[in-house]
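One structure is given here, and the rest of the page talks about it.
There are 2 protein chains.
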Amino acid sequence: MTETTFHITLESDGAGGLRASVREDTVEIVRAASRLFAEKGYAATTIRDIARAVDMRSGSPFYHFKSKQDLLKAVMIEGLDAALVGMRAVAGRGAAPEAIFRDLVHAHLRLILDPANDFSILLYEWRSLTDESRAEVIAAKDRYEEVWRVALEPLVAEGRIGGGRLAHLFVFGALNWIVQWYHHEGGLSIEQVAQQAVDFLLRP
Amino acid sequence: MTETTFHITLESDGAGGLRASVREDTVEIVRAASRLFAEKGYAATTIRDIARAVDMRSGSPFYHFKSKQDLLKAVMIEGLDAALVGMRAVAGRGAAPEAIFRDLVHAHLRLILDPANDFSILLYEWRSLTDESRAEVIAAKDRYEEVWRVALEPLVAEGRIGGGRLAHLFVFGALNWIVQWYHHEGGLSIEQVAQQAVDFLLRP
DNA sequence: CCTACCGATCGGTAGG
DNA sequence: CCTACCGATCGGTAGG
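As structure tokens, then:
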């Protein structure tokens, strides 16, 4: 399943003619890196792996990113910010707290469990970030968490969720850990797992 | 803080005398590997790092373990089996389900949050295992999980914990995720976090 | 357990 | 974005 998007660019050849150049975009590199980092981990993924995945030569990714670390940073920040957009759409709908929470859980699980999203680097590659990169990624993470914190507040206040000020962290744990066991458990759809998760997290 | 245990061995020198040889045990290598894998990850830790930590030369760990992969396997299985002993002691005390659960949570959190235990490889290095190693480690993990499954059963039946058959997996998630944020949150002791976790997990 | 070493691979770069 | 390459490092081994 090698799905590749080609961006055809027509450039002047400097002699009054046109030359068609077929190239992969920066976004393709980020996508491939995301998938490979999620699959094998950051340290075990080589720049050559990534280059091969987008049909480049080994040195070429450095034309787009100055280092492997920068690529990791891009993968994480772009992933978090894309997720943020989806979650804000859910949370901003003006529904009841319980409905919002339920929808956030479903959306989050689609994000981390659907293999097409390669979201799991965000869960397990924090230690691969240098201190400088980490600060930037944490800012993106905080934006994402803020949506959840606000959505959980009324439910914690009503006693529908325990754990006090730490509630959102326990919720993240229960949800994010699912990537560790989901494939092995068989039979359950993502939506079914989400339903069970809500049943676990939310008191009647 | 370089804490090193020396095992002094007295050997015959083959000429009627004695020779004192100071050497590190296999167990020292496992401990150092455990700490380094937890700190930097398996792929980013080199055999040379481990050798240096136990004051050996780069090739010497291979005298004790035939490969880096075998060392990872040993770290994970020994860690899980040590944890198993502790948990069985807690669960076998014949206390009430709620008390057992509370104590399991406290014990598990001491295990994963106390830096001296270096338990977090067990949480995040599954993908670094080859298929052959993984099968053995999974067996140890299943033994550990079984204790929890049995302890949770009565609480799930009473409606004190939601999530049905998946309850123990959600519980593990909420607990294991704590290693991701605990150090940053400041102010809270492990016991305080454990108390909050129980409050989150167990319905009144 | 050390010495000495090997083949392979890696992140990154110069120059086009 | 490719060619060609470099210095560094890595897991692992032979022989003692």
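Order-wise, the sequence lines are chains A and B. With our numbering, letter number 125 in the first sequence gets 125, and the count goes up by one each step, no holes. Position in the second sequence (first residue = 1) + 1000 = our numbering. Even glycine gets a Cβ: it sits at the ideal position worked out from N, Cα and C. All figures in this text were calculated on a predicted structure; none of them were measured in a lab.
For residue i, name the three-state secondary structure that DSSP assigns.
{"i": "B:T1046", "result": "coil"}
{"i": "A:L202", "result": "coil"}
{"i": "A:I161", "result": "coil"}
{"i": "A:L129", "result": "coil"}
{"i": "B:R1102", "result": "helix"}
{"i": "B:R1023", "result": "Only weak support exists for where B:R1023 lies, its pLDDT of 40 falling under 50; the value from the coordinates is given anyway. DSSP places B:R1023 in strand when its eight states are reduced to three."}
{"i": "A:K40", "result": "helix"}
{"i": "B:S1060", "result": "coil"}
{"i": "A:W177", "result": "coil"}
{"i": "B:G1079", "result": "helix"}
{"i": "A:A89", "result": "helix"}
{"i": "B:L1152", "result": "helix"}
{"i": "B:D1142", "result": "helix"}
{"i": "B:K1066", "result": "coil"}
{"i": "B:A1096", "result": "coil"}
{"i": "A:F119", "result": "coil"}
{"i": "B:V1054", "result": "coil"}
{"i": "B:S1189", "result": "coil"}
{"i": "A:Q196", "result": "helix"}
Have a look at the options and flag the residue whose alpha-carbon is nearest the alpha-carbon of residue i.
{"i": "A:H205", "options": "A:L201, A:A194 and A:E78", "result": "In this structure chain A extends from 1 to 204, so residue 205 of chain A is not present and cannot be described."}
{"i": "A:V90", "options": "A:R48, A:A135 and A:Y144", "result": "A:Y144"}
{"i": "B:L1113", "options": "B:N1176, B:V1198, B:V1027 and B:L1036", "result": "B:N1176"}
{"i": "B:K1141", "options": "B:E1098, B:F1037, B:L1169 and B:L1152", "result": "B:L1169"}
{"i": "A:E132", "options": "A:V156, A:K73 and A:V147", "result": "A:K73"}
{"i": "A:G173", "options": "A:S189, A:P154 and A:A197", "result": "A:A197"}
{"i": "B:V1156", "options": "A:R57, A:L84 and A:R203", "result": "A:R203"}
{"i": "A:Y124", "options": "A:T26, A:S34 and A:E28", "result": "A:S34"}
{"i": "A:G79", "options": "A:D118, A:S58 and A:G186", "result": "A:D118"}
{"i": "A:W148", "options": "A:I161, A:R48 and A:E136", "result": "A:I161"}
{"i": "B:G1187", "options": "A:L166, A:A151, A:T26 and A:A43", "result": "A:L166"}
{"i": "A:P97", "options": "A:L36, A:V150 and A:F37", "result": "A:V150"}
{"i": "A:E65", "options": "A:M87, A:A139 and A:T26", "result": "In the sequence as displayed, the identity of residue 65 of chain A is Phe instead of Glu. Among A:M87, A:A139 and A:T26, the Cα nearest to that of A:F65 is on A:T26."}
{"i": "A:A83", "options": "A:R110, A:L36 and A:Q69", "result": "A:R110"}
{"i": "B:V1171", "options": "B:R1102, B:A1116 and B:V1075", "result": "B:R1102"}
{"i": "B:M1076", "options": "B:I1121, B:L1201, B:A1044 and B:R1048", "result": "B:I1121"}
{"i": "B:S993", "options": "A:R127, A:A43, A:E28 and A:R31", "result": "Chain B is shown only over 1001 to 1204; residue 993 of chain B falls outside these bounds and no answer can be derived."}
{"i": "B:F1207", "options": "B:I1190, B:D1199, B:P1115 and B:E1153", "result": "The displayed coordinates of chain B run from 1001 to 1204. Any statement about residue 1207 of chain B would go beyond what the structure contains."}
{"i": "B:V1030", "options": "B:V1179, B:L1071 and B:I1190", "result": "B:L1071"}
{"i": "B:L1152", "options": "B:I1100, B:V1179, B:D1199 and B:S1189", "result": "B:I1100"}
{"i": "B:E1146", "options": "B:F1200, B:W1181, B:L1104 and B:Q1069", "result": "B:L1104"}
{"i": "A:E39", "options": "B:W1126, B:E1028, B:D1055 and B:A1095", "result": "B:W1126"}
Just mark residue i as buried or exposed, buried being the case when its beta carbon has 16 or more other beta carbons within 10 Å.
{"i": "A:T46", "result": "exposed"}
{"i": "B:Y1063", "result": "exposed"}
{"i": "A:P61", "result": "buried"}
{"i": "A:G164", "result": "exposed"}
{"i": "A:D81", "result": "exposed"}
{"i": "A:H108", "result": "buried"}
{"i": "A:E158", "result": "exposed"}
{"i": "A:Q192", "result": "exposed"}
{"i": "A:M1", "result": "The predicted model places A:M1 with a pLDDT of 27, which falls under 50 and marks its position as unreliable; any figure quoted below should be read in that light. Per the 10 Å Cβ criterion, exposed."}
{"i": "B:S1067", "result": "exposed"}
{"i": "A:G41", "result": "buried"}
{"i": "A:R57", "result": "exposed"}
{"i": "A:R93", "result": "exposed"}
{"i": "B:A1135", "result": "exposed"}
{"i": "B:A1051", "result": "buried"}
{"i": "B:A1053", "result": "buried"}
{"i": "B:V1085", "result": "exposed"}
{"i": "A:A32", "result": "buried"}
{"i": "B:A1139", "result": "exposed"}
At a threshold of 8 angstroms, does residue i count as lining the ligand ADP (C-beta to nearest heavy atom)?
{"i": "A:M87", "result": "Ligands displayed in this structure: none; no statement on the ligand ADP is therefore possible."}
* Asked: Between the region 155–168 of chain A and chain B, which residues of the former have CB atoms less than 9 angstroms from a CB of the latter, in chain order?
  -> Listed by position along the chain: G159, I161, G162, G163, G164, R165, L166 and A167.
* Asked: In the region 1124–1150 of chain B, which residues sit with their C-beta less than 8 angstroms from some C-beta in chain A, listed in chain order?
  -> Only those residues of the region 1124–1150 of chain B whose C-beta falls short of 8 angstroms from the nearest C-beta of chain A are listed: Y1124, W1126, R1127 and S1128.
* **Contacting positions in the region 1058–1079 of chain B - beta carbon closer than 9 angstroms to chain A** => Within the region 1058–1079 of chain B, no residue qualifies.
* To do: May I ask you to list, following chain order, the residues of the region 1170–1181 of chain B that have a beta carbon less than 9 angstroms from some beta carbon of chain A?
  => F1170, V1171, F1172, G1173, A1174, L1175, N1176, W1177, I1178, Q1180 and W1181
* Chain-ordered residues of the region 191–202 of chain A with a beta carbon less than 9 angstroms from chain B -> V193, Q196, A197, V198, D199, F200, L201 and L202
* To do: Check distances from the C-beta atoms of the region 44–55 of chain A to those of chain B and list, in chain order, the residues that come in under 7 angstroms.
  => Interface annotation for the region 44–55 of chain A against chain B: A44, criterion Cβ-Cβ distance under 7 angstroms.
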